[in-house]
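Asker: First to last, the protein sequences are chains A and B. Each residue of the first sequence is one higher than the last, beginning at 522 in the working numbering. Each residue of the second sequence is one higher than the last, beginning at 248 in the working numbering.
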Amino acid sequence: MSFIDNIMAGFSLVANLESFLALLVGITIGTVAGAIPGLSATMAVALTLPFTFSMTPITGILLLLGVYKGGIFGGSIPAILIKTPGTPASSATILDGYPLAEKGQAGKALGMALWASCTADLISNLALILFAGWLASFALNFGPPEFFTLILFSLTIIAGVSGESLLRGALSAMFGLLLATVGLDLIYGTQRFTFENPNMMGGLNFIAVLIGLFAIPEIIGMVWNPKADEGKSRALGNNWVTFQEYRNSFRSIVRGSFIGVFLGSIPGIGAAPSAFLSYSEARRKSKNKENFGKGELEGVAAAEAGNNGVAGATLIPLLALGVPGDVITAIILGAFMVHGLQPGPMMFLINADIIYGLFIGLIVSSVFLFFIGSIAIRGFKYVADIPRSILFPSVMVLCVYGVFAVNNNLFDVGVMFVMGWIGFFMIQYKIPAAPFLIAFILGPLLEDNFRQSMLMSGSSASILFRGPITWFFWLLTSITVFTIARAGIKTRQNDS
Amino acid sequence: MSDKLIQLRLGIGAICLAAFLLLIAIPFWVTSPSNVPNIILSPIFWPNTLAIITALTGIGLVLSGLSLFSVKAPKSFNSEKNTRAFFRLSILGFIMGITILVMPSLGLVWTMMLVFSSSAFLVGTTYTKTAIICSIVLPLILYLFFAHVAGVAIPQGDYVRLP
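So, in structure tokens, the structure goes:
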């Protein structure tokens, strides 16, 4: 099918009230959840996932993508108004957003955050449409050895950049890979760590592990310290951002969007580093660099463009290669799987209508984000007033219902609770959870591709170095390990 | 907790876990057919490889922990607060355990009402009325969605059954 045919097929799939409503509801949920300190975009997407089971694949995935995009923007609202980022990605927004709020210009800062977010979101979506198809057609040449090296590279970079230490990230990834071995063996069908329990023969449920790892630790953390994250909200003020101010920051917004697109398309980097890089680049190039950190509108624009520029781009490796770039895309990968779809190069051939339907939905989401964001800015007071002592028990109830609904199985609820305590322990010991989850999802794929490679070569490891693609990924993996290890040693030397 | 202590504890923990996997868990709880032609294709190869890499990561953590300077992390809370926090955590653990035990007989909806109210009071909510109303309304709304929209068979329990 030609590009136009694909677009038309996608359009026929999403051109209905249900899809647009899902997108609208998703963005609303995401914006509200992102705006609540303590709830993150990740948690919002994870909690929304069980509600998509009864929907058609395209509607369910659009709902989740809406939550994702809304969540990333929503995080900037408390960052500006109460100096508490709703999501880690909004940390850079505080640097100039809160000083502006202190000057009584919170409305202006939030307006700029919204304009910058929508612009970056649109650029990121266009990048996704341009590059995902191209990358997928290239990835059609991949065999098991290429996929093995690609997944290995993804896991290495995710383990390396997710936390403070490469070794702790690697340990987290190892835990995830080990947990993924639970169940029946992929080739021989023999039991691995199942303890003769039929509930464990299919492996641990992905959604139970996911919600346990990302939502329950927040509840445990709340019980540990019920008074955390209480901030005083600033008034919006009467100033609103003007078109001239948007134009003045436009170069920084576009630059930040491209930084977001570039970093977002590399698995593991995520939105927070992109926001900080975009911010520092804007400060370096700005005429008002001395104002940065004291309430510079361009700083807010750059930070928001950086973190929203990632949102569409993280879907490039997911859709084209089937490799999630971060935790949220890992959840979205889970949603695809729940609906019987496997993202990757073949999806562009088999389910091109869904892919292009998603592209159309994503473009529309930027417009919806603008309108819902404008309302959310004014309505933040009501969201911020939700008491945490009511919010977190609600999250607990949502978690139990959501996890139970996956398989109608109480065992999954138990897995979720256990994973919650493991997640809390990981937070206490500064072990990043992202490598754990992504390794848990990619573990079977990694093992499967490794064993297929071995079958193909008669157990010769040389197949893992069989061509330029595998060499390229080995090289990238080596560079990643070397760079992260060197950065760690330098930091240690500076500390001492 | 200082970074040094964290690295050392994690490293020792990882080495112990790897030893447990290699010596007990994999030999006893991973079954492999006796006629596997090649060790690389055996079901135990992958878990063994992961266990060895975990051990190596653990050794790396211990070595990097030993090379770190011991800096005392500032105490963020006093011991009385700490004891109370641990007490709350143990109650939460108890609530989670009880949830699993009573859900089949009490039903998901009624159990969730109890879980909501008990966890809200555990964190010392001052919004008593809101907590009670939410503890009744939220599980019911979710029941309506999952049972009647999504078609999930929500466990009803042995006592009070919902339509």
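Ideal Cβ positions, reconstructed from N, Cα and C, are used throughout, including at glycine.
In this structure, what does DSSP give as the bridge partners for Gly704(A)?
Answerer: Beta-bridge pairing links Gly704(A) to Arg713(A).
Asker: Using DSSP's beta-bridge definition, name the partner residues of Val277(B).
Answerer: Answer is Arg713(A).
Asker: Quick one: any contact between the segment 572-584 of chain A and the segment 850-864 of chain A, if contact means 3 or more CB pairs under 8 Å?
Answerer: They touch, by the three-pair rule.
Asker: Quick test of your reading: Thr495(A) and Ala634(A), contact by CB under 8 Å. State the CB separation rounded to the nearest angstrom.
Answerer: What the structure shows of chain A is the stretch from 522 to 1017, and residue 495(A) is not part of that stretch, so it cannot be assessed.
Asker: Taking Ala367(B) as the query, report the chain A residues whose CB atoms sit under 7 Å from its CB, ordered along the chain.
Answerer: Simply Ser910, Ile911 and Pro914.
Asker: Where do the ends of the alpha helix (DSSP H) carrying Asp617(A) lie?
Answerer: Per DSSP, Asp617(A) belongs to the alpha helix (DSSP H) from Ser612 to Glu623.
Asker: The segment 378-395 of chain B: which residues have C-beta closer than 7 Å to a C-beta of chain A, in chain order?
Answerer: Against chain A - using a Cβ distance shorter than 7 Å - the residues of the segment 378-395 of chain B are Ala378, Cys381, Leu385, Pro386, Leu389 and Phe393.
Asker: Which stretch, first to last residue, makes up the alpha helix (DSSP H) that contains Ala272(B)?
Answerer: Run containing Ala272(B): none; DSSP gives neither H nor E here.
Asker: Tell me which residue opens and which closes the alpha helix (DSSP H) that Asn828(A) is part of.
Answerer: Segment Leu818 to Ala834, the alpha helix (DSSP H) holding Asn828(A).
Asker: Go through the segment 324-362 of chain B residue by residue and report every complete run of the beta strand (DSSP E) that reaches 3 residues or more, in order.
Answerer: None, since the segment 324-362 of chain B contains no complete beta strand (DSSP E) of that length.
Asker: Determine, using beta carbons only, whether Ala266(B) comes closer than 7 Å to chain A.
Answerer: Chain A, which has no Cβ nearer than 7 Å to the Cβ of Ala266(B), makes this no.
Asker: Mind checking whether the beta-carbon of Met695(A) lies closer than 6 Å to any heavy atom of the ligand NAP?
Answerer: Summarising the ligand content, the structure contains no ligands, and the ligand NAP is consequently not present.
Asker: So, are the CB atoms of Ala1101(A) and Ala960(A) less than 7 Å apart?
Answerer: For chain A, the structure presents residues 522 to 1017; residue 1101(A) sits outside this window and is missing.
Asker: Roughly how far, in whole angstroms, is the beta-carbon of Phe986(A) from the beta-carbon of Trp995(A), given that I think they are within contact range, below 8 Å?
Answerer: Right, the Cβ-Cβ distance comes to about 7 Å (below 8 Å), so this counts as a contact.
Asker: Got a sec, what are the start and stop residues for the alpha helix (DSSP H) Tyr406(B) sits in?
Answerer: Run containing Tyr406(B): none; DSSP gives neither H nor E here.
Asker: Taking the straight line between their C-alpha atoms, what separation do you get for Leu490(A) and Gly843(A)?
Answerer: With chain A covering only 522 through 1017, there is no way to say anything about residue 490(A).
Asker: Using the three-state DSSP reduction, which class does Gly868(A) fall into: helix, strand or coil?
Answerer: It is worth fixing the name first, because residue 868(A) is Met in this sequence and not Gly. Reduced to three states, the DSSP call for Met868(A) is helix.
Asker: Against chain B, does Tyr709(A) count as a neighbour if the rule is that its beta carbon must be under 7 Å from one of theirs?
Answerer: Taking Cβ atoms only, chain B reaches closer than 7 Å to Tyr709(A), which makes this a yes.
Asker: For Glu539(A), name the three-state secondary structure that DSSP assigns.
Answerer: Looking at Glu539(A) - three-state DSSP - the assignment turns out to be helix.
Asker: Using a Cβ-Cβ cut-off of less than 7 Å, list which residues of the segment 920-939 of chain A approach chain B; keep chain order.
Answerer: Here the close residues are Val921, Tyr922, Phe925, Ala926, Asn929, Leu931, Val934, Gly935 and Phe938.
Asker: List, in chain order, every chain A residue whose beta-carbon is nearer than 8 Å to that of Ile414(B).
Answerer: The structure shown does not extend to residue 414(B), since chain B is modelled only from 248 to 410, so the question has no answer here.
Asker: I need the boundaries of the alpha helix (DSSP H) containing Glu766(A), first residue and last residue.
Answerer: Counting along the chain, the alpha helix (DSSP H) containing Glu766(A) begins and ends at Phe764 to Asn769.
Asker: Can you name the start and end residues of the alpha helix (DSSP H) that Gln863(A) belongs to?
Answerer: Note, Gln863(A): premise wrong, no alpha helix (DSSP H); not H, not E.
Asker: Name, going along the chain, the residues of the segment 395-409 of chain B whose beta-carbon falls closer than 9 Å to a beta-carbon of chain A.
Answerer: Cβ contacts with chain A come from Val396, Ala397, Gly398, Val399, Ala400, Ile401 and Pro402.
Asker: Taking the alpha carbon of Leu602(A) as the reference point, which residue from Lys590(A), Tyr619(A) and Thr608(A) has its own alpha carbon closest?
Answerer: Checking every option, the nearest Cα to that of Leu602(A) belongs to Tyr619(A).
Asker: Can you name the residues of chain A whose CB is closer than 8 Å to the CB of Pro280(B)?
Answerer: In chain order: Tyr709 and Thr711.
Asker: Between the C-alpha atoms of Gly260(B) and Ala1006(A), what's the straight-line distance to the nearest angstrom?
Answerer: The alpha-carbon atoms of Gly260(B) and Ala1006(A) are separated by roughly 22 Å.
Asker: Taking a contact to mean a Cβ-Cβ separation below 7 Å, would you say Ala834(A) touches Ser645(A) in this structure?
Answerer: It is a contact, given that the beta carbons lie within the stated cut-off.
Asker: Taking 8 Å as the limit between beta carbons, can you name the residues of its chain near Gly1009(A), skipping five residues before and five after?
Answerer: Ser686 and Leu687.
Asker: DSSP state of Gln1014(A), grouped into three classes?
Answerer: If DSSP states are grouped into helix, strand and coil, Gln1014(A) belongs with the helices.
Asker: Hey, is Met722(A)'s beta-carbon within less than 7 Å of any beta-carbon in chain B?
Answerer: For Met722(A), the answer is no, since every Cβ of chain B falls outside 7 Å of its Cβ.
Asker: Can you find a CB in chain B that lies within less than 7 Å of the CB of Phe783(A)?
Answerer: Judged by the 7 Å Cβ criterion, Phe783(A) is not in contact with chain B.
Asker: Any Cβ of chain B within less than 7 Å of the Cβ of Asp847(A)?
Answerer: Output row for Asp847(A): interface = no.
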